[in-house]
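Numbering (the numbering used here), first residue to last: 19 to 425.
First up is the structure itself, then whatever we jot down about it.
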C-alpha cells in the first residue's frame with residue numbers, strides 16, 4: 019500500500035497564515051466600507067482626487083462689524099481681521115477639514131492690503147494656498163472704474179503675486195467679481211496685457227453670459243450662494259453646461275457649493291436651510307459632477323448671508339466635521355452617521371453592530387476549522403496573497419455680494 023506523505027510544514031504554515039489573515043481582512047473591509055446615505059441617494063459620488071477645495075474668505079471684519087446683520091457669532095468671538103492668531107486658527111481649522119486654500123476677497127486699500135500681507139505670511143507658515151476674488155463692484159453694486167481695477171491688479175502683481183501661496187495653478191488666480199456689470203470692451207482693456215502674469219477669471223452666472231466674454235478671460239468662478247438644489251430646475255445641469263462652456267476654451271472652472279443661505283437681514287428673501295449638512299453634501303456632489311478644476315466653498319466666514327462654515331456659537335464645528343468626513347471617506351456620509359464631537363470620524367449606529375458581531379463570529383468559527391484542518395495535514399487548499407487596498411483622502415479641490423444673488 020502506498021503511504022500518503024504528510025503535508026509539509028511550510029504548506030501548513032502558509033495555510034495557517036492565510037487562515038489568520040482572512041478574519042483581519044474581512045473585518046477591515048467591513049469597518050472601512052462607507053455607509054450609503056439614504057439622504058444622499060444615487061447621486062453620492064467620490065470626489066476626484068486632486069481637485070482643490072477652496073473656501074471664500076473675508077478680511078473686512080472689525081469688532082463693530084459683528085453688531086450688524088448677524089444672527090450668529092464665531093466661536094472666536096467678535097474678532098478683527100487684523101488678528102494674526104485668528105488667521106492662523108482659521109487656516110489650521112480649514113486644513114483639518116480638507117480645505118486646500120482660501121479665495122480672499124480683496125481690492126487695494128490700506129486696510130485690506132495690510133491684512134492680505136499678514137494672511138500671506140500666515141498661509142506660508144501653514145503651507146496653505148490663496149487665490150484672490152477682486153471686489154469689482156462698490157457698496158451700491160455699481161462697477162468700479164476699469165482704470166481702478168487695472169491699477170489694483172498691477173499692484174497685486176507687483177506686491178504679492180510672486181509669493182508661493184499663489185502657485186496652486188500655473189499662474190496666480192484673480193476672480194473678477196461682478197464681470198456682468200462691465201462691457202466686453204472694458205474687460206478687454208483690463209485683461210489684455212495682464213493675463214500673461216495672472217489667470218483672470220470671470221464671475222458670470224450663466225453659460226450664455228460667460229460666452230459673451232470667453233475669449234477675454236481665463237475661466238469662470240460662479241459664486242452661487244442662494245441656490246436651493248431642491249427647487250431650482252436642473253440645478254446640476256446648469257453647472258455642467260457652464261463647465262462645458264468654460265472648458266471648451268480651455269478655461270479654469272471653479273464650481274460653487276454652499277452650506278446654506280439666509281440674507282434676510284441684508285435685504286434678501288430666500289432661505290436655503292442647512293439641513294444639518296445635507297445641503298452642503300448635495301451641492302458638493304453637483305459641483306463634483308461638473309468636472310471642476312476646483313470647488314469654491316461658500317463660504318468660510320460670510321456671516322451676513324449665513325453661508326459660513328467657520329466654527330460658530332450656534333453650530334460649533336458641525337460643518338467642518340461634515341467636510342472632514344467627506345474628505346476621509348471620499349463619499350457623502352449621512353448626517354446621522356456623524357459624531358460632531360469627533361471631527362472627521364464616522365460612527366456606526368448601534369443597530370448595525372448586531373449583524374456585524376454575528377458575521378464576525380462566523381468568520382472566527384470558519385477560521386478555527388481551517389486552522390485545525392491545516393494542522394491535521396489536510397491536503398487541499400490554496401495559497402493566497404493578500405494586499406490591503408490603498409486608502410485616499412480626497413481633496414476637494416471658496417466675493418461677497420451683500421444681496422440675494424440672481425441665479
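Ideal Cβ positions, reconstructed from N, Cα and C, are used throughout, including at glycine.
Quantities reported herein were computed from a predicted structural model and do not represent experimental measurements.
Where residue i falls: helix, strand or coil (DSSP)
| i | result |
| --- | --- |
| residue 184 | helix |
| residue 233 | helix |
| residue 330 | strand |
| residue 130 | helix |
| residue 16 | A question about residue 16 goes unanswered here, because the residues of the chain that appear run from 19 up to 425. |
| residue 345 | helix |
| residue 314 | strand |
| residue 147 | strand |
| residue 16 | Past the boundaries of the shown model lies residue 16; the chain is included only from 19 to 425, so the question cannot be answered. |
| residue 247 | coil |
| residue 117 | coil |
| residue 257 | helix |
| residue 294 | helix |
| residue 141 | helix |
| residue 69 | coil |
| residue 92 | strand |
| residue 323 | coil |
| residue 207 | helix |
| residue 169 | helix |
| residue 200 | coil |
| residue 82 | helix |
| residue 228 | helix |
| residue 174 | helix |
| residue 189 | coil |
Member of the options whose CA lies at the smallest distance from the CA of residue i
| i | options | result |
| --- | --- | --- |
| residue 289 | 295, 279, 298 and 226 | 279 |
| residue 165 | 206, 129 and 339 | 206 |
| residue 88 | 332, 168 and 339 | 332 |
| residue 263 | 236, 251 and 252 | 236 |
| residue 17 | 287, 222, 267 and 142 | Here the chain covers residues 19 to 425 and nothing more, so residue 17 does not appear. |
| residue 255 | 304, 340 and 114 | 304 |
| residue 320 | 312, 311 and 330 | 330 |
| residue 209 | 177, 168, 222 and 92 | 168 |
| residue 271 | 308, 242, 252 and 282 | 308 |
| residue 200 | 103, 221 and 192 | 221 |
| residue 78 | 141, 113, 111 and 132 | 132 |
| residue 325 | 334, 310 and 281 | 281 |
| residue 260 | 137, 85, 82 and 311 | 311 |
| residue 265 | 239, 253, 316 and 284 | 239 |
| residue 82 | 99, 93 and 68 | 99 |
| residue 242 | 107, 97 and 315 | 315 |
| residue 341 | 111, 68 and 104 | 111 |
Opposing strand residues paired with residue i [DSSP bridges]
| i | result |
| --- | --- |
| residue 152 | 124 and 194 |
| residue 271 | 238 |
| residue 302 | Answer is none; residue 302 lacks a bridge partner. |
| residue 220 | 238 |
| residue 264 | None; residue 264 has no bridge partner. |
| residue 434 | No answer is possible for residue 434: it lies beyond the span of the chain, which begins at 19 and ends at 425. |
| residue 289 | 280 |
Beta-carbon contacts of residue i that lie in its chain and below 6 angstroms, excluding the five residues immediately before and after
| i | result |
| --- | --- |
| residue 122 | 75, 148 and 150 |
| residue 144 | 109 |
| residue 337 | 277 and 327 |
| residue 179 | 190 |
| residue 173 | 126 |
| residue 313 | 71, 273, 275, 305 and 414 |
| residue 171 | 212 |
| residue 124 | 130, 134 and 150 |
| residue 175 | 215 |
| residue 139 | none |
| residue 318 | 73, 75 and 328 |
| residue 92 | 328 and 330 |
| residue 204 | 164 |
Contacts around residue i, its chain only, beta-carbon distance under 7 angstroms, and the 5 residues preceding and following it disregarded
| i | result |
| --- | --- |
| residue 291 | 278 and 297 |
| residue 218 | 192, 194, 209, 212, 235 and 236 |
| residue 300 | 247 |
| residue 102 | 136 and 140 |
| residue 202 | 230, 231 and 234 |
| residue 90 | 321, 330, 331 and 332 |
| residue 94 | 104 and 107 |
Any non-hydrogen atom of the ligand FMN within 6 angstroms of residue i CB
| i | result |
| --- | --- |
| residue 84 | As far as ligands go, the structure on display features none, and thus does not contain the ligand FMN. |
Cut-off 8 angstroms between Cβ atoms - residues of its own chain near residue i, not counting five sequence neighbours on either side
| i | result |
| --- | --- |
| residue 113 | 144 and 146 |
| residue 464 | The first residue shown for the chain is 19 and the last is 425, placing residue 464 beyond what the model contains. |
Quiz prompt | Cβ contact check for the region 226-234 and the region 180-188: 3 or more pairs under 8 angstroms | solution = Judged by pairs of C-beta atoms under 8 angstroms, the region 226-234 does not touch the region 180-188, as fewer than three such pairs exist.
Quiz item: Can you find at least 3 beta carbon pairs, one from the region 118-126 and one from the region 72-80, that sit closer than 8 angstroms?
Solution: In this structure the region 118-126 lies against the region 72-80, because at least three pairs of beta carbons, one per stretch, are closer than 8 angstroms.
Quiz item: Are the region 192-199 and the region 160-177 touching, with three or more C-beta to C-beta distances below 8 angstroms?
Solution: They touch, by the three-pair rule.
Exercise. Specify whether the region 214-224 and the region 246-255 touch according to this definition: at least 3 beta carbon pairs, one from each stretch, less than 8 angstroms apart.
Key: With a cut-off of 8 angstroms on Cβ pairs, the region 214-224 is not in contact with the region 246-255, counting fewer than three such pairs.
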